[in-house]
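Using this note's numbering, the first residue of the sequence shown is number 1, and each one after it goes up by one. Here a beta-carbon is modelled for each residue, glycine too, at the ideal position from N, C-alpha and C. A quick write-up on the structure given underneath.
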Amino acid sequence: MSYSEKLEDKVYCVYISPLKALNNDIEKNLNEPLLELEELAGCELGIRVAVRTGDTTNYEKTKMLKNPPHILITTPETLAILLCAPKFREKLMDVKWVIIDEIHALAENKRGVYLSLSLERLQNLAGRFTRIGLSATVAPIEKVAEFLVGYENEKPRDCKIVDVQYLKKLDLKVISPVSNIIDTPQEEIHKELYKLLHILIQQHKTTLIFTNTRSATERVVHFLKTKFPGNYEDDIGAHHSSLSKSHRLKIENRLKEGSLKVVVSSTSLELGIDIGYIDLVILLGSPKSVARTLQRCLPYDSKILLSDGTYKEIGEIVEKKLNLEILSFDEKTGKFVKNKIAEYHKNKTDHLIKIKIHSGNILECTKEHPIMTGDGWKLAKNIKTDEQVAEIYNYNLIRTKVESVTVIKTDQFVYNLTLENEPNNYFVDTILTHNCGRSGHKLHEKAKGRIIVMDRDDLVECSVILKNAIEGKIDEIKIPENCLDILSQHIYGIAIEGKNYVENVWSLVKRSYCYKNLEREDFDSVMDYLSGEYVSLEQKFVYSKIWIDHETGMFGKRGKLARVIYSTNIGTIPDESYVLAKIGEQVVGKLDELFLERLKKGDIFVLGGKIYRFNYMRGMTAQITPATGPPTVPSWFSEQLPLSYGLASEILRFRGLIEEQFVAGCGKDEIIEFINNFLYVDNNAANSIYEYMNEQFRYAEIPTTKKIVI
1 MSYSEKLEDK
11 VYCVYISPLK
21 ALNNDIEKNL
31 NEPLLELEEL
41 AGCELGIRVA
51 VRTGDTTNYE
61 KTKMLKNPPH
71 ILITTPETLA
81 ILLCAPKFRE
91 KLMDVKWVII
101 DEIHALAENK
111 RGVYLSLSLE
121 RLQNLAGRFT
131 RIGLSATVAP
141 IEKVAEFLVG
151 YENEKPRDCK
161 IVDVQYLKKL
171 DLKVISPVSN
181 IIDTPQEEIH
191 KELYKLLHIL
201 IQQHKTTLIF
211 TNTRSATERV
221 VHFLKTKFPG
231 NYEDDIGAHH
241 SSLSKSHRLK
251 IENRLKEGSL
261 KVVVSSTSLE
271 LGIDIGYIDL
281 VILLGSPKSV
291 ARTLQRCLPY
301 DSKILLSDGT
311 YKEIGEIVEK
321 KLNLEILSFD
331 EKTGKFVKNK
341 IAEYHKNKTD
351 HLIKIKIHSG
361 NILECTKEHP
371 IMTGDGWKLA
381 KNIKTDEQVA
391 EIYNYNLIRT
401 KVESVTVIKT
411 DQFVYNLTLE
421 NEPNNYFVDT
431 ILTHNCGRSG
441 HKLHEKAKGR
451 IIVMDRDDLV
461 ECSVILKNAI
471 EGKIDEIKIP
481 ENCLDILSQH
491 IYGIAIEGKN
501 YVENVWSLVK
511 RSYCYKNLER
521 EDFDSVMDYL
531 SGEYVSLEQK
541 FVYSKIWIDH
551 ETGMFGKRGK
561 LARVIYSTNI
571 GTIPDESYVL
581 AKIGEQVVGK
591 LDELFLERLK
601 KGDIFVLGGK
611 IYRFNYMRGM
621 TAQITPATGP
631 PTVPSWFSEQ
641 LPLSYGLASE
651 ILRFRGLIEE
661 QFVAGCGKDE
671 IIEFINNFLY
681 VDNNAANSIY
691 EYMNEQFRYA
701 EIPTTKKIVI
């Protein structure tokens with residue numbers, strides 16, 4: 001379109017992401033290749049990219065109206081506001097593509113419900129457009145696909161699912177700052193925590209530390225600076241949503257450039273942002289959900305071809321850590337080469353793929369294990385009957401047809417090897433398989449993470465998280481449905497757009513996945529509520545927002561301030577009462593109003609890892625100046641992360657299994673052995689978990705999936 005000079009002043013693509021930090025990153029990652037394309041083309045393409053969020057200035061908004069971006073990067077909340085903005089709404093009338101990044105972070109909560117209705121409203125305005133959802137970690141993928149595309153005539157719209165998961169090597173550990181986390185005082189644990197953090201940071205080039213709250217982020221940065229003076233000055237940074245946009249961008253850019261040794265963040269950097277070279281990620285406390293990691297493993301009795309032409313069971317190789325030479329195949333040269341074992345892996349799985357080929361040989365492996373086929377490397381789960389796989393025969397690589405592919409339910413340990421050199425492949429029962437996701441290439445360096453636990457509940461929670469990560473289990477998303485509070489916001493927004501028919505809105509709402517099962521009675525009750533049918537609400541100063549003409553079936557907005565009320569109360573993110581912290585006219589960040597109420601003139605506090613003095617407050621602005629001295633750490637409303645349903649269920653299941661051991665009269669050694677086998681923890685951790693559960697069993701009750709302890 002650019003080459004043929006058909007680009008008009010309107011939005012062609014809307015890119016939606018859940019985080020402002022991610023939006024800024026997307027803008028940069030789009031503009032850089034566009035500049036390179038212009039250099040290659042030898043002319044200006046004129047493709048405009050812009051971010052529109054709550055951080056966007058009035059000047060930038062006005063500029064967008066005159067010269068709208070062809071690619072608009074925004075958030076779900078801002079999209080809803082734009083749908084009601086009379087002037088900008090016109091720019092959205094020919095949208096061709098909508099991309100939703102990190103869709104798993106939206107689909108599981110009310111922000112996703114809100115977005116699903118915004119997409120249907122946008123389709124009413126622009127006509128049919130292509131919807132694209134992106135995520136590295138999502139399950140069940142089919143349900144999320146339905147959430148993305150919505151419904152038509154009570155059936156999901158057509159959708160193609162492209163599963164291009166890559167396989168990453170993992171180095172994950174749960175560690176404690178002290179040897180006995182049960183009996184050690186909290187003061188001692190915190191003292192040892194910072195020693196441990198310092199050691200880990202100094203052992204790596206760049207470290208990213210995640211905390212669960214903004215307050216914890218400020219605390220960690222401050223204590224690292226004060227406990228290790230001279231080590232952390234300009235090469236440490238704090239990143240969270242209450243810091244100014246300029247500060248956050250500065251930290252993100254310095255992280256990408258590699259000029260920071262360590263960055264401490266709450267959740268504002270956790271989604272797919274390009275943050276440069278990070279060789280260690282530390283989670284302080286439980287992250288409250290399971291990050292997806294993929295398995296590529298084989299059962300114990302799978303036979304690996306050695307360089308001397310003999311076979312050895314992979315289980316024996318891994319369990320005994322045998323130092324053997326493996327036979328690999330170099331696709332570039334077409335030659336067989338010798339390879340050494342670099343790492344041994346042991347995981348657990350609940351099912352295997354069984355592939356039988358016409359030569360009579362059988363391969364059993366996990367679904368993510370790559371296998372060489374006539375069309376290149378494929379995951380085992382994607383192998384089809386009559387497809388050809390690569391097999392070794394008399395030291396020749398031949399193609400043999402697949403006779404059958406079946407899924408086997410199991411409950412056993414599975415094994416894998418990482419080899420020292422490329423090609424990282426080997427023969428299993430004559431069939432050529434790979435340890436990486438692509439032919440002869442490591443997709444990424446090993447992912448290295450450490451979860452540091454601070455108390456006994458953290459220990460149990462994080463150990464279960466680690467088990468699920470190793471075994472490739474991901475929390476299944478529960479998509480909320482029939483949220484009437486979200487529905488009322490959108491009906492009000494539609495009324496602000498202009499007069500409309502009630503039946504048209506009912507039809508629009510039913511096209512959203514989240515409202516496909518909505519009863520007409522509930523829909524009508526929301527319309528009645530908004531139109532003031534419930535007179536008793538006026539005593540609580542809740543007045544009608546819309547009018548309805550029951551004869552014509554039409555409705556519209558009430559009041560001149562409707563647009564203002566809608567725009568200032570939009571969305572599902574909890575309201576925060578905050579005050580801007582400024583040095584003169586420069587915004588440093590945001591402080592919670594309740595925290596500021598406790599501050600007196602001259603009080604010292606920390607923000608963004610730096611120390612400031614509170615001078616005075618004027619309106620909704622607090623004037624501050626840089627200072628020295630022992631500070632107070634701010635607190636913010638809405639700080640705690642929720643525990644995911646899937647992880648909570650797994651923790652209760654584990655507690656139930658432990659209770660069964662106690663009830664059966666098993667001794668301490670037996671139970672510790674069970675914990676070791678079940679959770680992949682060391683003896684210290686297993687012993688701490690045993691002492692915790694034993695104490696609870698003896699003096700109270702152990703909560704399980706069938707028992708709640710109050």
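C-beta atoms of residue i and residue j nearer than 7 Å
i           : j           : result
residue 15  : residue 99  : yes
residue 474 : residue 139 : yes
residue 78  : residue 52  : yes
residue 348 : residue 471 : yes
residue 177 : residue 330 : no
residue 361 : residue 429 : yes
residue 623 : residue 582 : yes
residue 389 : residue 431 : yes
residue 492 : residue 566 : yes
residue 235 : residue 261 : yes
residue 509 : residue 218 : no
residue 212 : residue 285 : yes
residue 370 : residue 379 : yes
residue 129 : residue 96  : yes
residue 46  : residue 7   : yes
residue 111 : residue 572 : yes
residue 416 : residue 345 : yes
residue 172 : residue 469 : yes
Residue from the options whose Cα sits closest to the Cα of residue i
i           : options               : result
residue 588 : 393, 250 and 119      : 250
residue 550 : 543, 502, 233 and 516 : 502
residue 50  : 41, 63 and 478        : 63
residue 121 : 602, 512, 705 and 606 : 512
residue 656 : 72, 69, 674 and 557   : 674
residue 337 : 189, 309 and 492      : 309
residue 490 : 468, 562, 421 and 105 : 562
residue 736 : 184, 84 and 248       : There is simply no residue 736 to check, as the chain begins at 1 and stops at 710 in what is shown.
residue 161 : 141, 171 and 172      : 141
residue 34  : 694, 70 and 552       : 70
residue 418 : 476, 409 and 328      : 328
residue 163 : 311, 527, 145 and 618 : 145
residue 667 : 709, 233 and 691      : 691
residue 93  : 708, 125 and 253      : 125
residue 448 : 414, 427 and 201      : 201
residue 243 : 231, 132 and 214      : 214
residue 116 : 84, 699 and 76        : 76
residue 188 : 454, 522 and 696      : 454
residue 105 : 41, 131 and 135       : 135
Residues sharing a beta bridge with residue i, DSSP
i           : result
residue 549 : 554
residue 397 : 392
residue 711 : It is not possible to answer for residue 711, since the shown part of the chain is limited to 1 through 710.
residue 617 : 622
residue 416 : 345
residue 612 : 605 and 626
residue 586 : 583
residue 514 : None, per the DSSP bridge assignment.
residue 372 : 377
residue 328 : 337
residue 385 : Note: residue 385 sits in no beta bridge, so no partner.
residue 303 : 313
residue 743 : Residue numbering for the chain in the displayed model covers 1 to 710; residue 743 lies beyond these limits and cannot be assessed.
Checklist entry - For the 8 Å Cβ check, are there 3 or more pairs between the region 251-267 and the region 197-211? => result yes
Next on the checklist: Suppose only complete runs of 3+ residues qualify. What are the beta strand (DSSP E) ranges in the region 429-506, listed by chain order?
Outcome noted: 431-434 and 447-452
Next on the checklist: Ignoring anything shorter than 3 residues, give me the beta strand (DSSP E) runs that lie fully in the region 111-154, in order along the chain.
Outcome noted: Qualifying beta strand (DSSP E) stretches, in chain order: 130-133.
Checklist entry - Counting Cβ pairs closer than 8 Å, one from the region 475-485 and one from the region 538-548, do we hit at least three? => result no
Next on the checklist: If contact is defined by three or more beta carbon pairs under 8 Å, each pair taking one atom from either stretch, is the region 669-689 in contact with the region 621-628?
Outcome noted: no
Next on the checklist: Pairs of beta-carbons, one from the region 452-469 and one from the region 514-522, closer than 8 Å: are there three or more?
Outcome noted: By the C-beta criterion, the region 452-469 is judged not to be in contact with the region 514-522, since fewer than 3 inter-stretch pairs fall below 8 Å.
Checklist entry - In chain order, which continuous runs of the beta strand (DSSP E) of length 3 or greater are located wholly inside the region 16-49? => result Here no run is fully enclosed.
Item to check | Ordered list of beta strand (DSSP E) runs contained in the region 65-112, each at least 3 residues | outcome: List check, beta strand (DSSP E) in window: 71-74 and 97-100.
Checklist entry - At which residue ranges does the region 212-260 contain complete alpha helix (DSSP H) runs of 4 or more residues, listed in the order of the chain? => result Taking 4 residues as the shortest admissible run, the region 212-260 contains the following complete alpha helix (DSSP H) segments, listed from N- to C-terminal end: 214-227 and 245-257.
Checklist entry - Is the region 151-159 touching the region 110-125, taking contact as three or more C-beta pairs under 8 Å? => result no
Checklist entry - For the region 349-358 against the region 403-417, are there 3 or more C-beta pairs whose distance is under 8 Å? => result yes
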